[in-house]
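As structure tokens, the structure follows; a few thoughts come after it.
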Amino acid sequence: MVKKYFFMFCVIWGLSTQAQIINIPDANFKNALLNTLCVDNNSFYGGDVDADVNNDGEIQVSEAFLVTKLILNNSNISSVMGIEYFTNLVSLEVGNNPLVTLNLQIPSLKKLTCHNAQLTELMVDGLPNLEEIYCGDNWITYLDLSATNVFQLNVSNNPNLVWVNIRNGVLNGCVILLMPGVDYTCADYLNCPALRFVCLDDEEASSQSFYSNFPQDEVQFVTDCSLAVKDNVINKLFTLYPNPTNGVLNIDIINGETVNQISIYNALGQKILNRTNTDAIDVSSLAQGTYLITVETNNGNKTQQFVKL
């Protein structure tokens with residue numbers, strides 16, 4: 002009798018799990034899953050089918066379980082909450098979306114494409130099997146890949162990128178930087194003028210093949226990846242005060258450099274204010290909310306959030 006009840010419980014539990022509907026708050030994310038060819042079933046270019054296998058207008062856990070490659074580019078998605086249920090996902094493309102931040106927890110993921118996603122923060126601690134990342138044309142300040150297996154990296158055109166940690170125990174014998182005068186293939190830092198710090202595995206640092214002839218003399222290639230070093234490199238650029246503010250926002254450049262340009266962006270990534278050759282900007286005309294400010298100097302750029310009261 003006990004075995005019979007246990008069997009019935011397992012059947013009911015299995016059915017309820019299969020029928021569980023995933024909560025997907027972002028309407029554009031849900032629409033892409035339901036109504037676009039977002040699932041790649043054959044590894045050829047582009048998607049083949051949508052993710053709604055039973056065509057009920059919802060995505061169940063059982064449906065998410067079937068997906069290994071998901072293409073969500075150009076879908077106006079601002080949040081991918083619910084993506085964590087795609088537990089067999091190997092490849093994810095979310096380029097050209099207004100994401101701003103991306104924090105993924107998908108242990109199976111091996112390839113991530115997130116170019117031009119207006120990202121200021123990318124967290125990949127939940128991607129231990131990640132091998133390839135293509136995340137150019139964003140506003141990322143620092144990128145920590147130490148908890149991944151990444152050997153192929155493209156973070157080109159990230160003008161605010163200061164700090165990269167690729168000390169992950171994976172030897173990058175073909176690591177390449179694809180910058181003028183540098184002939185590598187696995188790591189691309191093209192047009193990252195603020196870059197100051199790259200942390201390597203011991204073998205990579207000792208061979209010097211990773212960074213020979215690197216065109217930016219001020220970039221440090223080291224094997225000490227402590228958070229204190231990262232914070233020192235990033236925070237030395239500038240501080241804002243007062244923040245929050247309802248009037249003038251002041252910029253204090255720690256090393257005394259001159260501010261060349263200040264740009265303010267709204268939550269959609271649209272530039273709404275721009276000033277040159279000044280260390281203060283009047284934001285009293287802005288509506289209440291959270292904004293991004295990018296400060297440009299001869300020694301690099303940095304983007305930071307501030308709140309308008």
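For what it's worth, this note's numbering labels the leading residue of the sequence shown as 2, then goes sequentially.
Every residue gets a Cβ at the ideal spot worked out from N, C-alpha and C, and that includes glycine.
Residue range of the unbroken alpha helix (DSSP H) whose run includes residue i
i: N36; result: 28-36
i: F66; result: 62-66
8 Å Cβ shell around residue i - same chain, five flanking residues per side excluded
i: V311; result: With the chain covering only 2 through 310, there is no way to say anything about residue 311.
i: L287; result: I265, I273, L274, K309
i: I23; result: E59, I60, Q61, V62, A65, G83, Y86
i: G248; result: D283, V284, S285
i: L120; result: L100, V101, T102, L103, C136, N139, W140, I141
i: P243; result: L250, N251
i: I25; result: K31, L34, I60, M82, G83
i: P129; result: P108, A148, T149, N150
Cβ-based neighbour list, residue i, same chain, cut-off 6 Å, excluding 5 preceding and 5 following
i: L228; result: Because the pLDDT at L228 is just 48, under 50, the model does not fix this residue reliably, and the point stays unresolved.
i: R276; result: I263, I282
i: T102; result: E122
i: D202; result: R168
i: S80; result: D27
i: D145; result: N166
i: T114; result: E94, G96, Y135
i: V54; result: E64
i: P245; result: V308, L310
i: N226; result: The residue you asked about is not Asn; residue 226 is Cys in the sequence shown. Result list for C226: N166, R168, C200, in chain order.
i: N161; result: W140, T142, A195, N302, K303, T304
i: S147; result: N166, R168, N169
i: D280; result: I252, V260
Within 7 Å, strictly: CB atoms of residue i and residue j
i: N74; j: G96; result: yes
i: L93; j: A118; result: no
i: L35; j: D51; result: yes
i: Q106; j: G127; result: yes
i: C193; j: N159; result: yes
i: V125; j: T149; result: yes
i: T291; j: Q305; result: no
i: F30; j: I72; result: no
i: N56; j: D49; result: no
Segment limits, beta strand (DSSP E) that includes residue i
i: E132; result: Premise fails: E132 is in no beta strand (DSSP E) and is neither H nor E.
i: V163; result: Here V163 belongs to no beta strand (DSSP E), and DSSP marks it neither H nor E.
i: I72; result: 70-72
i: F198; result: 198-200
i: V151; result: It is not in any beta strand (DSSP E) - V151 carries neither H nor E in the DSSP assignment.
i: Y46; result: Here Y46 belongs to no beta strand (DSSP E), and DSSP marks it neither H nor E.
i: V223; result: 221-223
i: Q106; result: 102-106
i: E94; result: 92-94
i: L144; result: 143-145
i: L120; result: No beta strand (DSSP E) contains L120, which DSSP labels as neither H nor E.
i: T88; result: Per DSSP, T88 belongs to no beta strand (DSSP E) and is neither H nor E.
i: K112; result: 112-114
Own chain residues within Cβ distance below 7 Å of residue i, not counting five before or after
i: Q289; result: K309, L310
i: G270; result: P99, Q119
i: Q21; result: Q61, V62
i: E132; result: K111, K112, N150, V151, F152, Q153
i: N267; result: I273, Y292
| field | Minimum length 3: unbroken beta strand (DSSP E) runs contained in the stretch 233-289 | value | 239-242, 249-254, 262-266, 272-277, 281-283
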